[in-house]
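K.L.:
For the protein sequence lines, the chains are A and B, in the order given. Start counting the first sequence at 1494; every next residue gets the next number (this note's numbering). Start counting the second sequence at 20; every next residue gets the next number (this note's numbering). The beta-carbon is built from N, C-alpha and C at its ideal position, and this holds for glycine as well. Bear in mind that the values here come from a model prediction, so they are computed numbers and not experimental data. Sharing a structure, written as structure tokens. Questions coming.
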Amino acid sequence: MKVLLSILREMADLPNDHDAVALALNSLGLAVEEMDVVGVPIPGVVTARIVRMEKHPDAAKVTRCFVDAGDGEERHVWCGATNMQPGDIVPLATLGTTMPNGMEIARRGILGIDSEGMLCSEVELGLSDESSGLLILPAGSPLGVSPFEVLGMEHDVIFDLDLTRNRADCWGHLGVARDLAVHFGVPLRGPRIASMSSGSTKSLDVVIDAPEQCGSFTISYVSGIAVGTSPRWVSSRLAHLGMRSINNVVDASNLVMLETNQPNHAYDADVVSSFRVRLANVGETLTTLDGQTRNLHADDLLICNGATNVGVGLAGVMGDLHSEITDKTTTLAIESAWFSPDPIRYSAIRHGLRSEASIRFERGTDPNAWQQAAERFVTILRETCPEATLHAGATVVQTASCPVPVAVDVSVKRVESLLGIHIESERIVSILNSIGFATTIKGDVVTSIVPTWRPDCTQDVDLIEEVARHFGYDNIGKTVPNSTVHGRLSNMQARRRILRRVLVGLGLDEAMPSPFLATGDLATVGLPEDNVLRIANPLVAEESILRTSLRPGILRSLKYNQSHRAPQIGLWEIGHVYPKSDQQLPDETEQLIIVVAGGDVETSLAQWSAICDALSVGTQLDQSRIPAGLHAGRSATLARGKKVVGVVGEIDPLVLDILGIEGRVSILEVDLTVILNEEPKPVQAKDINRYPSSDLDLAFVLDDTVPASTLQRALRQAAGKQLVSIDLFDVYRGKGVAEGFRSLAFRLRVQGVEATLTESQLAELQKACVAAATKAGATLRA
Amino acid sequence: MTSASTPEHGQLAQALADGIVQIREAATSEQLRAVVSALTGKKGPIASIKSSLGKVTDIEARKELGQLVNDALTALNAANDGRSRELRAAEFLSQIESERVDMSEIAMSANVERRLGRMHLVTQAMERLEDVFIGLGFQIAEGPEVETDFYNFEALNMPPSHPARSMWDTLFVESDVEGSVVLRTHTSPVQIRVMQDWPPPIYAVMPGRVFRKETPDATHMPVFHQIEGLVIDRGITFADLAGTIESFTKAFFGPGFTSRLRPSYFPFTEPSAEFDIRRHDGTWIELGGCGMVHPHVLRAGGLDPDEWSGFAFGFGIDRMAKERHGINDIRDMYSDDVRFTEQFS
């Protein structure tokens, strides 16, 4: 929302210092996004008359202009434009002038003939973003003066405000000026209203058939109109505020809206002399001012010509093209209404048409601003239509939905305790009164009648915020709460951090791919797609599924890096998956995935081993259950009891082939909800066993179909409490071992618990181990 | 002292002198061992003198000679120790010389030049922020990324069709009741969950992933990260909010930084503010939003606004990482491109 300093300063005696005003706006919560100083005369740029023009035979694209800047001296200027002719008055930038874009006008020549300045376009003067040639000034303009003066252009400052949703009132200059006036301690004048003798009473008929949507509808009758062009200051201000000048009537209507936040519409009162506000009928159409014919919806609110019941405007959004005022218009019916915000918002959304009016209505306008708006309208019109007369007897129809001022109480104690300040009750009353809240105090309770232009204020905290804004956020101290809570990571969070550090220590990089998948992404990696949730309004179709696995995303990242010739890539991600559940929300869990290009089953098992060690957890490896999408011969599930917590191994080569990934890829996937939430008890120390230990090296031949872990478990049990450690130190297949078998060599370190093991005890232990191994299907290798 | 008179005296002196020379002349440890064992062995010269001791009849002379034999052995051992040390020192020196390597060559080898992995810049920023808030007495709360309309909007003082909902471009998840499940547009729903689950007083920050229906560009991603703070206690004031923001600013950015609050609007806080951080060079950067928890929000969280008050604040994490590392395009941060990632050790 743009506001002009000139209009604000008409409404209140604000300082003529735009930096001070910008600071004030920011401190009031009316954030200045951009500040633009316009219409500042450029020293050195003066009006000049083109005396004569010449072409040079060797310079076809430029013209030699001889100009008179009123000082009796003829200057020669080269000019590239073509829209001028002798006698035109144009802006001349004299030698030494610094243009708004920073360019300095120097004596530059073409073909050895110097140019003594530059003739300017609107772009060069910083007046516009585009132009089609020189700015031709009105004939008869004085020479040697600033072209800005000739144009009647005001030096002005545009503030582009980033208004918050609650400040509906600041969509008009008046609301902004009200806050600033309080800030600078000056009275608020409001828009200038000419004293006008009201003409004869003239009331037009108004009927409201949609009382819930239309709270107030007023029609003021104005006569003495001659449609023409606006004064320069009106069109200039509108242009600064981003609106095009149409004619004196439409311009006045728009300017009044921008000043007072009261959207309004002027009808030719000779064409539309009575009004009906009703909901549209299905099948009804209306051609709005932008030339579009719109099919109306049963919830659209329609302003109709009371005589014909035909629509003359889509209420609160835009007028009807065929009901525009014309050159012949001499009387006006000015509509100022209050519409319910939601219906207007939905109407605007339905028709994809957010107009200056709808933006204001959907935030909430002031049902009591209509009279000031009508008077201001006529005040502006008087400059071009001295006969313009606002007639008494304006029609005002209000319904039950029309907002009325509400009283809100707040205790002084609550103001102080919520803000953490000390403030006198008189100060609270004075602040609230100054912004138009009629405020009284009784004991500790302040009661404010909230003005109808502040629909956002409905309860005590709203008043507290107003007090805080005008007290000044900077004047509120900075304290810290006296907390009894101590800061810490939860067990789960601390363990997650350990996990991250282990992963980093393993040389793996964290990836963060998008959690959105395309249809088919899961199937490509061999996973089911039947338990997925879809996004109802995805940004792009390729991102319409919520992931149920981290695998598709991270494999895509792996592939991406491989295609950029990054060799041994190891990536991990800790992230959420969102499989569908029978509850309202998905079965959202946190998962870990690690993939390594060129890694194999040993890589992933080593990673899992390190993680288990770091987090004091353990799992059983179950190769009998082949995880979907993984290499059937080189993968296993990780189980804790009956619960599967993850998978480990290699990606199915078929999947890799489809994805176009070269080489093996190791994978480890773990559900972290179980692993991270565990709270391992502190390990209790055991005394160091100082008896000498012995090693038993035993090699067994075992069928390939029996896992080594079966044999290891048997040995472990047989060695019992004397066992210190057991290592598989050699695996051998080949000569001397039958096909389909392998030799597994274990080193068992054993140690007596109460005394050194004797030779015979050792022999016994070995015998027990061999017996257990045999029972497990292994044969001692000779 | 009796003067040397027996022939043994002379032999001993000679043997000692010869022995010392031989020890000194041994060129290697091995030679030395051979020399010493020859000199002091059972068949060596000293041993033979020792065995002839019995022939000396004069008791005094025998005693004296015995003493001299012991002295000679001690002297030989001492010479051996000395020479042995010299030889070993020389041998280590030559071993060291022979084992000399080019360390730079090894440093460059693939076995040695192994970098650790990298945490994502967002994770790094998140942990740094968490640590600062832990230092300020906060705990860390987490919540689901797929949320109900209730937690994401309604409980945050945005009943259905509240116009402020349009402040967020929401991604909706298909569900039985249309629009009832969303990808959370902010971390604020965790506020409600914490109020419902944790008994006050509450001092918590809630970092996490959030979603918006937004086309990616250099400064926006549809999936990004925020951190939210919530304090609920008795007698919490707006001044406490300002002071906490100031403490955070100094703790996270450094003692030379300050903060300020500017009035703003959020449906879930009132009074609301934007907070800015002032850099060393005097320029301000807008960081996030904050305010006193709205009474409607306290009630939605099951707390009585007459008993408890509190404040909340929130800001983006991605931008912190972007600013810290001078990243031009935020999309690079989410490219998972190792060429990008590996820069940040």
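Would you list, in chain order, the members of the stretch 40 to 51 of chain B that have their beta-carbon closer than 9 angstroms to a beta-carbon of chain A?
P.N.:
Under the 9 angstroms Cβ criterion, the stretch 40 to 51 of chain B contributes no residue.
K.L.:
Quick one: is residue 1986 of chain A near chain B, going by C-beta distance under 8 angstroms?
P.N.:
Taking Cβ atoms only, chain B reaches closer than 8 angstroms to residue 1986 of chain A, which makes this a yes.
K.L.:
Check whether the Cβ atoms of residue 1877 of chain A and residue 1696 of chain A sit closer than 8 angstroms, and answer yes or no.
P.N.:
Their beta carbons are not under 8 angstroms apart, which means residue 1877 of chain A does not touch residue 1696 of chain A by this criterion.
K.L.:
Just curious, the alpha helix (DSSP H) that residue 90 of chain B is in, first and last residue?
P.N.:
Where residue 90 of chain B is concerned, the enclosing alpha helix (DSSP H) stretches over 78 to 117.
K.L.:
Spatial neighbours of residue 238 of chain B within its chain, please: CB distance less than 7 angstroms, with the 5 preceding and 5 following residues excluded, ordered by chain position.
P.N.:
Here the set comprises 349.
K.L.:
Among A/2167, A/2198, A/2262, which has the Cα closest to the Cα of residue 2214 of chain A?
P.N.:
Checking every option, the nearest Cα to that of residue 2214 of chain A belongs to A/2262.
K.L.:
Taking residue 2113 of chain A as the reference, give the member of A/2174, A/2206, A/2179 with the closest Cα.
P.N.:
Residue A/2206 is the option with its Cα nearest to residue 2113 of chain A.
K.L.:
Hey, would you say residue 2087 of chain A sits closer than 8 angstroms to residue 2063 of chain A, going by beta carbons?
P.N.:
Against a cut-off of 8 angstroms, the Cβ pair of residue 2063 of chain A and residue 2087 of chain A comes out as a contact.
K.L.:
Looking only at its chain, what residues have a beta carbon closer than 6 angstroms to the beta carbon of residue 2105 of chain A, apart from the 5 residues adjacent to it on each side?
P.N.:
Hits under 6 angstroms: 2111.
K.L.:
If we define contact as Cβ-Cβ less than 8 angstroms, is residue 21 of chain B a contact residue for chain A?
P.N.:
In this prediction, residue 21 of chain B has a pLDDT of 49, which is less than 50 and means its spatial position is unreliable; what the coordinates show is noted afterwards. So, not an interface residue.
K.L.:
Leaving aside the five residues before and after residue 2187 of chain A along the sequence, list all residues of the same chain whose C-beta is less than 7 angstroms from its C-beta, in chain order.
P.N.:
Around residue 2187 of chain A: 2243, 2250, 2255.
K.L.:
Which whole runs of the alpha helix (DSSP H) in the stretch 2116 to 2159 of chain A are 4 residues long or more, in chain order?
P.N.:
List check, alpha helix (DSSP H) in window: 2146 to 2152.
K.L.:
Measure from the C-beta of residue 1979 of chain A to each C-beta in chain B and report whether the shortest distance is under 8 angstroms.
P.N.:
Answer yes: the Cβ-Cβ gap between residue 1979 of chain A and chain B drops below 8 angstroms somewhere.
K.L.:
Name, please, each residue of chain B whose Cβ falls closer than 9 angstroms to the Cβ of residue 2079 of chain A.
P.N.:
The answer, in chain order, is 163, 165, 192, 200.
K.L.:
Within 10 angstroms of the Cβ of residue 333 of chain B, are there 16 or more other Cβ atoms? Answer buried if so, exposed if not.
P.N.:
So residue 333 of chain B counts as buried.
K.L.:
CA-CA distance, residue 227 of chain B and residue 246 of chain B?
P.N.:
So the alpha carbons of these two residues sit roughly 6 angstroms apart.
K.L.:
Taking only beta carbons into account, state which residues of the stretch 1986 to 2005 of chain A come closer than 9 angstroms to chain B, listed in chain order.
P.N.:
Residues 1986, 1990, 1993, 1994, 1996, 1997, 1998, 1999, 2000, 2001, 2002, 2003, 2004, 2005.
K.L.:
Can you give me the Cβ contacts of residue 151 of chain B inside the same chain, cut-off strictly under 7 angstroms, excluding the 5 residues immediately before and after it?
P.N.:
Closer than 7 angstroms at Cβ, skipping near neighbours: 267, 270, 271.
K.L.:
Should residue 1700 of chain A and residue 1799 of chain A be called a contact, given that it needs their Cβ atoms to be closer than 8 angstroms?
P.N.:
The answer is yes: Cβ separation under 8 angstroms.
K.L.:
Quick one: which chain B residues come within Cβ less than 9 angstroms of residue 2069 of chain A?
P.N.:
Near residue 2069 of chain A (Cβ distances below 9 angstroms), the residues of chain B are 163, 164, 165, 228.
K.L.:
Give the straight-line distance between the Cα atoms of residue 2094 of chain A and residue 2224 of chain A, rounded to the nearest whole angstrom.
P.N.:
Whole-angstrom Cα-Cα distance: 16 angstroms.
K.L.:
Quickly, what does DSSP pair residue 1707 of chain A with across the bridge? List them, please.
P.N.:
Residue 1707 of chain A pairs with A/1832.
K.L.:
Run through chain B and tell me which residues come within less than 7 angstroms of residue 1522 of chain A, C-beta to C-beta.
P.N.:
Those are 281, 282, 283, listed as they occur along chain B.
K.L.:
Show which residues of chain A have a CB atom less than 7 angstroms away from the CB atom of residue 155 of chain B.
P.N.:
Residues of chain A passing the Cβ test: 1980.
K.L.:
Would you give the residue range spanned by the beta strand (DSSP E) that residue 1871 of chain A belongs to?
P.N.:
Unbroken run through residue 1871 of chain A is the alpha helix (DSSP H), 1863 to 1875; no beta strand (DSSP E).
K.L.:
Is the distance from the Cβ of residue 1832 of chain A to the Cβ of residue 1797 of chain A below 8 angstroms?
P.N.:
Taking 8 angstroms as the Cβ cut-off, residue 1832 of chain A and residue 1797 of chain A do not qualify as a contacting pair.
K.L.:
Which same chain residues end up closer than 7 angstroms to residue 2173 of chain A when comparing Cβ atoms and leaving out the 5 residues on each side of it in sequence?
P.N.:
The residues are 2109.
K.L.:
My understanding is that residue 165 of chain B touches residue 2028 of chain A, with C-beta atoms under 8 angstroms, so please give their C-beta distance in whole angstroms.
P.N.:
Contact doesn't hold; Cβ gap of about 10 angstroms is too wide.
K.L.:
Can you name the start and end residues of the alpha helix (DSSP H) that residue 338 of chain B belongs to?
P.N.:
That run of the alpha helix (DSSP H) goes 337 to 344.
K.L.:
Is the shortest distance between the beta-carbon of residue 2272 of chain A and the beta-carbons of chain B less than 8 angstroms?
P.N.:
No, residue 2272 of chain A lies away from the interface with chain B (no Cβ there is under 8 angstroms from its Cβ).
K.L.:
State yes or no: is the beta carbon of residue 213 of chain B nearer than 8 angstroms to at least one beta carbon in chain A?
P.N.:
No - not a single Cβ of chain A is within 8 angstroms of the one on residue 213 of chain B.
K.L.:
Could you name the residues of the same chain whose beta carbon sits closer than 7 angstroms to that of residue 1522 of chain A, not counting the 5 residues immediately before and after it, in chain order?
P.N.:
Same-chain partners within the cutoff: 1657, 1962.
K.L.:
For the stretch 1520 to 1534 of chain A and the stretch 1753 to 1772 of chain A, state whether three or more C-beta atom pairs, one from each stretch, are separated by less than 8 angstroms.
P.N.:
Counting Cβ pairs under 8 angstroms, fewer than three are found: no touch.
K.L.:
For chain B, check one thing: does any of its Cβ atoms lie closer than 8 angstroms to the Cβ of residue 1896 of chain A?
P.N.:
Chain B contact via Cβ: absent.
K.L.:
Taking a contact to mean a Cβ-Cβ separation below 8 angstroms, would you say residue 1542 of chain A touches residue 1582 of chain A in this structure?
P.N.:
Against a cut-off of 8 angstroms, the Cβ pair of residue 1582 of chain A and residue 1542 of chain A comes out as a contact.
K.L.:
For residue 2053 of chain A, report the span of its beta strand (DSSP E) as first-last.
P.N.:
Here residue 2053 of chain A belongs to no beta strand (DSSP E); instead the alpha helix (DSSP H) covers 2044 to 2056.
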